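So the protein sequences, as listed, match chains P and G. Using the numbering used here, you'd call the opening residue of the first sequence number 207 and step up by one each time. Using the numbering used here, you'd call the opening residue of the second sequence number 90 and step up by one each time. Note sheet for the following structure.
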Amino acid sequence: MLVGKATPDDMNLHPIKYQWAYDLYNQAVRNTWFPHEIALKEDLDDWQKMTDDERHAVKFLMAFFNPAELIVNRSIALGVYPYLKSAECHLYLAKQMWEEANHCVAFEYVLQTFPFNRDEVFAIHLQTPSMLAKEAYINKYMKRMMEDSLDIETPEGKKDFIRNLVATNIVMEGIWFYSGFMVALSFRQRNQLRNLGSMINWVIRDESLHLKFGINLIHNILEENAELVSADFAQEIAGIIVEGVNLETAYNKDLFPHGILGLNADYVNQYVQYVADRRLEELGLPKHYNVTNPAKWMTTSTDVFELVNFFEAQNTNYEVDSGKH
Amino acid sequence: MVNLTITKRDGAREQFNADKINRSIERACQGLTDPISMVTQIASETQLTLYDGITTEEMDIATINAAVQNIKEDIEYDKVAVRLLLKTVYRRVIGEYNDNPTELAAKYRTRFAEYVREGIASGLLDTRMAEKYDLEALAASLMIERDEIFTYAGLSSLLDRYALKNTKQKPAETPQYFFMRIAMGLAYNEANPTEMAQKFYDRMSQHLYVAGGSTNLAAGTPRPALSNCFLLEVHDDMDHIAKSVADVLKLSKASGGIGVSVTKLRAAGSPLKSSNTVSSGPTPFAKIMDTAIRAVQRGGKKKGALCFYMENWHYDFPEYIDWKHNAGDDYLRMRTANTAVYLSDDFMRRVEQQEDWYMFDPKETPDLNELYGKEFAKRYAEYIEMAKRGELRMWKKVPATEQWHQILTALQSTSHPWLTWKDPINLRALNNNTGTIHMSNLCTEICLPQSKDSVAVCNLASLNLAGHIEGRQLNWHKLEESVRLAIRQLDNLIDINTLPIPEAVKGDQENRAIGLGVMGFADALEQLGMAYESGHAADFSDRVFEFVSYMAIDESANLARERGVYKHFEGSRWSKGMVPVDSIAALEEDRGISTGMKRESRNKQLNWDALREKVKGGMRNATLMAVAPNANIGLVAGTTPGIDPRFAQVFSRNKISGKYMDINHNLVKDLKNMGIWDEVKEKIVEQQGDISSIPEIPSYLKQIYKTSFSTSPYAFIEVAARAQKWVDQALSRNMYLESRDMNEMKNVYMAAWKQGLKTTYYLHMKPRHTAEQSTTSVNKMAITGKRGFANVVAQPVFANEEPVASPIQMSPVQVPEMVPVKAEAVSTEVPQPATRGFAAVADQGALPITPAMQEVLPVTASSPSSAPTALAVGAVTALAVAPTEEVSRMGFATVGEASVSEPATPAPALAQAPVQAKKAFVCPVDPAERAQCDACQ
């Protein structure tokens, strides 16, 4: 069983019961990267040329991402890791938590390199209602996981586990982050902040894996606990996702009070809805929004192999585990 | 959109006028297959991205971007993007022409002389640009229509990277002005500069050959630093190390890529006589250069680029292998510079024989760096004996196979060090009378000697083979003309070139080294219907490079007769009547094994013996050919770079000038001819540009259009080895591997060495894991093999809380000639997502929602095979086709729960607003395409 109270038996990796989790762990290790591999000098030159609204968007994203990575870690540490019995999953989550830490430090590196008023940026998430609402949403589900009354062996306890996992993994990492990535990458599409774009490529590569893990986890838990699979619960889960989309919609209006070249709040929100539909389907739920992806340029940005001219940009395709064969 | 205003160039605001934008897009779509739908598409997508107060300039960019993001749908959008981009350039460089082609043509020519004179006045151009030329005649020979032969990525790169800039950093020349500037900037010293500039221009403006990057940046300017490559070695004394750092800075500023050999630097721990302390070894000194190149913007456009070279017998070589590792002490790592290893035949032999490999302090073995071939092996063996006898202070040994393994594992995980081979480079050199060649260069195609007082310099241009294909044939006569003009142009360059350090001037003047390359090889193969991975392709490589080599040699010999021989001609192998292919014998004799390369001619019309006699009489240039990677000029010319295969049928390039989609136009045309493009285009993106698993595409096309990862690496080696026979320098042989199997990798690189390759270049490993795709249908549930909530949920029955108000919905594009197509027709033609969701619903038909049906959905009654259709049909039905029918509010229409029906729920927000604007959209007729059509959903 994946979810439950861990017993001494659960401390053995072998025999591996959830090969998918172990495979994801190994891939995650290969994906290891460090922020200092990216030089930001040219991006600083771009920064000088950016409009106020563009700068606002970049700062706003940083203000969200920097604490968000830590919030994901808290949620994993307090709400996910303790209730899993599988050693393979623990391995993966340990690597994921390092990655979240690495992302936080990566954004920190950006914050320290760009001419930001850092106190101001750090304060944004505490002062912006739309951002506070997003954090409160995550905390709501996470808080439940820390309550003494939670009994993970009961169906209701397991439901709480899934609610929290959906909020953190599916909504925060799988929808909110993706919306932010699209915005960040849109700058590179216009040949600005190219190096930040390379960093985001790496973050997306990691996050794609986090999401694969989360979706696998949910499906496997549902399969092992058939009693959880009810129409009511399905509806509730869809509701959690839709709630997350609504919060993001409000947030994006603060991200783009006016709009910048190529992007405005409506455009980003349509993208959010598009991604949310995908997440719904990935859980076996019906699409809710039925919108197309407005950001067709994402084909170039993320969907096909990238050929990097090594002396022009950081090659983000390398993996670090060769020699083990 | 309510009140959308545009900020004009003078700061004034005006009301957004959709009509105006549409007309301008319409003009850009003229003459294309389906202009009306293209206009609609671009106009509506442009409007999606607008915001109140957008500037006119941003509006232009938004329009171009809207065209660009549709290139993956149809390559005709590429043409539109090119035209839209050109328009912005014309307005800036030539002035307002009121969208009148006649007016444009006239102004294009009259403006040319002004462009030259103003350029001179502002210090952008050399005074010779006016003095030497008949500007009227040159203006008359401008071929304006050639501006349109670019791809969008090519034009955008050219403008961003190579075009002269005005004070606002914007491109200050049109493409034809650009080509004419290069041509003029290389013809000052001709007897008839105007006539020769016209000839050079005529070739370059058709992209038949393209000058190297530095030449493109600096030709015609008052500071013509035109060389691409510099190769210098650092000597083992502090003064020379310091000077080398300064030289690296100056050469970077002159926009060259640099090779730096650090083999001569004594090892870490080697004693320093002056202070009785010990040396810190090459690493900290290299780190200074690594940092130095970051400080310099090459030609104002890119930071410095440098590749270190070290021979692998150096005591610190194990540390050198780690220089590019992403973890570890930053002071021991090179973040910007690249690394290459310079391997001897003796090492390769020891790997094969599983012998030991010794590493020494160059302070104690100074001659090893100067020796090659058998002489190296002999001396190396002597040092081993000395080490064994205890006569050397520092040495260590490892099994040669172990070091080989270390090199290749580092290559696989950090893409460094690149493998290059000292002995074939030196043993095959025709300029072997000027000292040992201690390294190759940044891109591993240059093989020139250097010493303390001479820095090697190479000047580049590349032929575009694909440009010489006419009617499915290579036009050999045209190719000959291109080769001869390119060689002449390159030779001219040397007498105009200004270089920042005297050692480089000396190297350049005395050797007059040039490197004519070939690009568009894979492109040409595709057009001729040959698979890269075939004997025919290898034979084609053989024939083409033989022909180019012959013509290049002949032209250099002609120039020697016209202008005199290069300084070190006497004593070179040229002076003994040798041509590159003759030097294979020297290599094979020294190795004692064959490369397997045949030496006879494949072109009957070429008389090599006559040429050998002619060569004896004098050569103008120490070297003639080098096949550069052409990562940029290949893009400019819209063809495949160098001898590289297609990376994939669709992929992206991350360039300084932006991230571009590259889609194989040859393949698209073939698929369009077959009428299957629309069916397969999404699948090609889904498969990340690999068509091998797409059933609709015939298998013979799959042979021709492989990706670089599905092509055998041995094919890369064979193509390069055949070319290397005829090329006096080397080829930047990019390698691509799908497998991470170390034994396989060892075999590949061993084969490359055995077949006589001088160098290999970057290694691309196929990524095992990539980010989630955004624009294709992805459902990770499929890989879990599970169904999640699909067993218990039915229809999408949420009411939409808040439709996303896309601006486009408010201001539909008005294109009057549109033919509306009824939406209902589509409902059964929806694409089948590759997911297994909704299986349960499927069995129930899933058409308009009836709660009663859903009540009985049993978990086990699902049928995955029929599920996908149902999913999509349900969605479409509920949301688009029948918005006035029942659309339930809240939640899933789930088991046992009747949804509340509510009539006339507002239509949900759909992506493309033209859907709702009645006359504003043409829906496709093709059912498959219609399934993708938003209006139809």
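A virtual CB, placed ideally from N, CA and C, is assigned to each residue, including glycine. Given the structure is predicted, the values throughout are model-derived calculations rather than measurements.
Of all alpha-carbon atoms in G/A429, G/V323, G/K342, the one lying nearest the alpha-carbon of G/T503 is that of G/A429. Here G/K362 carries a coil assignment [DSSP, helix/strand/coil].
Taking a Cβ-Cβ cut-off of 7 Å, the neighbours of P/K418 in chain G comprise K869, given in sequence order.
With a threshold of 8 Å between beta carbons, G/D123 makes no contact with chain P. Around the beta-carbon of P/Q302, 16 or more other beta-carbon atoms lie within 10 Å, marking it buried. Using a Cβ-Cβ cut-off of 9 Å, G/S799 is close to nothing in chain P; its nearest Cβ partner there is about 12 Å away.
P/P500 has no beta-bridge partner at all, per DSSP. Straight-line spacing of the CA atoms in G/W402 and G/V205 works out to 54 Å. G/Q265 sits away from G/M293, with the two beta carbons spaced by 8 Å or more.
Around the CB of G/G243, 16 or more other CB atoms lie within 10 Å, so the residue is classed as buried.
Interface flag for P/F240 against chain G is set, since a Cβ pair is found closer than 8 Å. Neighbourhood of P/E488 in chain G, by CB distance below 7 Å: N868, K869, M870, in chain order.
No Cβ-Cβ contact shorter than 8 Å links P/E243 with P/R400. The way I'd put it, the region 256-275 of chain G doesn't touch the region 262-282 of chain P; fewer than three beta-carbon pairs between them come closer than 8 Å. Cα atoms of G/F406 and G/K452: separation of roughly 14 Å, rounded to the nearest angstrom. By the Cβ rule, the region 561-580 of chain G counts as touching the region 593-613 of chain G, because three or more pairs are nearer than 8 Å. For P/S385, same chain residues with a beta-carbon under 8 Å away, outside a window of 5 residues either side, are E454, N458, V474, Y477, V478, V481 in chain order.
Taken residue by residue, none of the region 307-341 of chain P has a beta-carbon sitting less than 9 Å from a beta-carbon on chain G.
Listed in chain order, the non-local C-beta contacts of G/S821 below 7 Å within the same chain comprise C532, T533, E534, V716, A717, P718, G731, Y850, local neighbours out to five positions each way being set aside.
Under the Cβ distance rule, P/F511 counts among the residues neighbouring chain G, one pair being separated by less than 8 Å. No Cβ of chain G is located within less than 8 Å of the beta carbon of P/I381.
Rounded to the nearest whole angstrom, the C-alpha separation of G/V337 and G/L500 is 25 Å. At a cut-off of 8 Å, the C-beta of P/R484 has a neighbouring C-beta in chain G. Secondary structure remark: continuous beta strand (DSSP E) runs of at least 3 residues inside the region 682-766 of chain G, in chain order: 739-744, 747-752.
Nearest in C-alpha terms to G/R829, of all of G/K595, G/E689, G/H494, is G/H494. Listed by position along chain P, the residues whose Cβ is nearer than 7 Å to that of G/K748 are R394, Q395, T506, S507. Proximity of P/R411 to chain G, defined by a Cβ-Cβ separation below 8 Å, is satisfied.
Taking 8 Å as the cut-off, the beta carbon of G/F397 is found no closer than this to the beta carbon of G/V334.
At least one CB atom of chain P sits nearer than 8 Å to the CB of G/R742.
With a beta-carbon spacing of about 6 Å, G/S664 and G/K705 fall inside the 8 Å limit used to define contacts. In terms of beta-carbon proximity, G/N159 lines the interface with chain P, with at least one pair separated by less than 8 Å.
Note on geometry: alpha-carbon atoms of P/V264 and P/A390 lie some 7 Å from one another. CA-CA distance, G/M619 to P/H331, rounds to 59 Å. The beta-carbon distance between G/D751 and G/F740, rounded to whole angstroms, is 5 Å. This is short enough to meet the 8 Å contact definition.
Contact between G/V299 and G/A726 holds: CB atoms are separated by about 5 Å, below the 8 Å threshold. Any Cβ of chain P closer than 8 Å to the Cβ of G/G348 would place that residue at the interface, and such an atom is absent.
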